[in-house]
Amino acid sequence: MLHSANININFETGYSSKVKSVKYNEEEVACIIELEDKVSEILNEKTIIFNRRYCTENYIIRNNKFHSNRARGILIHGSNGLIEGNNFIESCDLNRWIMAIIYMGVYLPDGRCNYPIFNNIIFENNTIIDCPRLAFYLSSCSDIFILNNTIINPNTETFNGRVYGSSQNELPIYDEYYQGTIEIVKAKDVVVENNERIEYVDTYSNGIYFEKDNTSNITVKNNYGFI
């Protein structure tokens with residue numbers, strides 16, 4: 009069963025339908041989905057559809073060591089999760105990938121969506137060591153808790169120039185500008201509390217950032233080492 013929501017407004021459209029058939033056009037790299045029910049007039053090009061039956065939910069990622077990853081330390085694309093007690097060491101190799109160690113977001117033709125795709129996730133008591141830029145980048149989410157994490161030597165490279173993608177030759181997606189050690193975009197009901205940032209080397213950015221025009225109910229308190 010497919011459900012739908014608007015990417016720019018925080019509401020589900022109420023439309024859902026079963027999939028009747030799927031055809032993939034390899035030349036155009038496009039997929040045509042035929043539904044059993046007539047598509048509602050409320051749906052437009054800003055609509056996203058999703059099938060919760062096949063999503064990843066209700067998980068615990070605990071007491072692991074993630075190190076020397078080519079890209080992100082962990083990519084979170086599921087709701088109702090607990091990520092605690094993990095060590096993330098020397099990930100995001102600048103020759104191959106440039107972004108946050110802990111990343112949560114979606115990729116759509118017109119940009120990130122305001123609708124909270126990811127919900128009810130706790131990041132607690134994790135340690136992030138030696139990351140070239142952001143430690144956390146979280147978007148399109150709600151009810152997120154970033155608690156009691158330790159971040160050591162983040163932001164050892166600048167955000168100047170080409171700072172995102174599969175290599176240093178790729179411009180930021182959606183013409184975005186990244187900043188700080190923790191960044192929250194298009195999100196609501198987020199708590200960032202009792203985290204510590206430590207640096208033993210020169211670093212080029214700092215802070216906990218969220219954009220007031222596209223976030224709501226963001227609580228930031230009792231964090232140490234952040235500007």
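Numbers 9 to 235, taken from our numbering, label the letters of the sequence shown in order.
Idealized CB from N, CA, C, for every residue including glycine.
Alpha carbon of residue i to alpha carbon of residue j, nearest angstrom
i, j, result
"residue 230", "residue 203", "7 Å"
"residue 54", "residue 20", "12 Å"
"residue 81", "residue 93", "14 Å"
"residue 225", "residue 150", "10 Å"
"residue 242", "residue 128", "Missing from the structure shown is residue 242; the chain here goes from 9 to 235 and no further."
"residue 2", "residue 36", "In the structure displayed, the chain extends from 9 to 235; residue 2 sits before or after that span and is not available."
"residue 233", "residue 124", "29 Å"
"residue 99", "residue 77", "5 Å"
"residue 70", "residue 185", "32 Å"
"residue 27", "residue 41", "7 Å"
"residue 88", "residue 201", "19 Å"
"residue 131", "residue 215", "18 Å"
"residue 228", "residue 60", "31 Å"
"residue 58", "residue 24", "10 Å"
"residue 166", "residue 109", "15 Å"
"residue 192", "residue 51", "28 Å"
"residue 161", "residue 97", "10 Å"
"residue 176", "residue 107", "Unreliable positioning characterises residue 176 in this predicted model, as indicated by a pLDDT of 49, which lies under 50. The coordinate reading is nonetheless provided below. Each residue's alpha carbon lies about 11 Å from the other."
"residue 198", "residue 86", "16 Å"
Assigned secondary structure, residue i (DSSP; H/G/I helix, E/B strand, else coil)
i, result
"residue 212", "coil"
"residue 6", "One cannot answer for residue 6 here, as it falls past the ends of the chain, which runs 9 to 235."
"residue 174", "The pLDDT assigned to residue 174 is 47, lower than 50, so where the model puts this residue is not dependable; a value taken from the coordinates is nonetheless given after this. Coil."
"residue 159", "strand"
"residue 151", "strand"
"residue 133", "coil"
"residue 39", "strand"
"residue 226", "strand"
"residue 165", "coil"
"residue 116", "coil"
"residue 144", "strand"
"residue 122", "coil"
"residue 185", "coil"
"residue 127", "strand"
"residue 33", "strand"
Cβ-heavy atom distance, residue i to the ligand ADP, below 8 Å
i, result
"residue 74", "With respect to the ligand ADP, the structure shown offers nothing to examine, as it has no ligands at all."
Enclosing beta strand (DSSP E) for residue i [first to last residue]
i, result
"residue 246", "Residue numbering for the chain in the displayed model covers 9 to 235; residue 246 lies beyond these limits and cannot be assessed."
"residue 219", "Run containing residue 219: none; DSSP gives neither H nor E here."
"residue 200", "190-201"
"residue 112", "110-112"
"residue 5", "The displayed coordinates of the chain run from 9 to 235. Any statement about residue 5 would go beyond what the structure contains."
- Message: Which runs of the alpha helix (DSSP H) at least 4 residues long sit entirely within the stretch 44-98? Give them in chain order.
- Response: none
- Do the stretch 135-146 and the stretch 189-207 touch if we need at least three Cβ pairs shorter than 8 Å? yes
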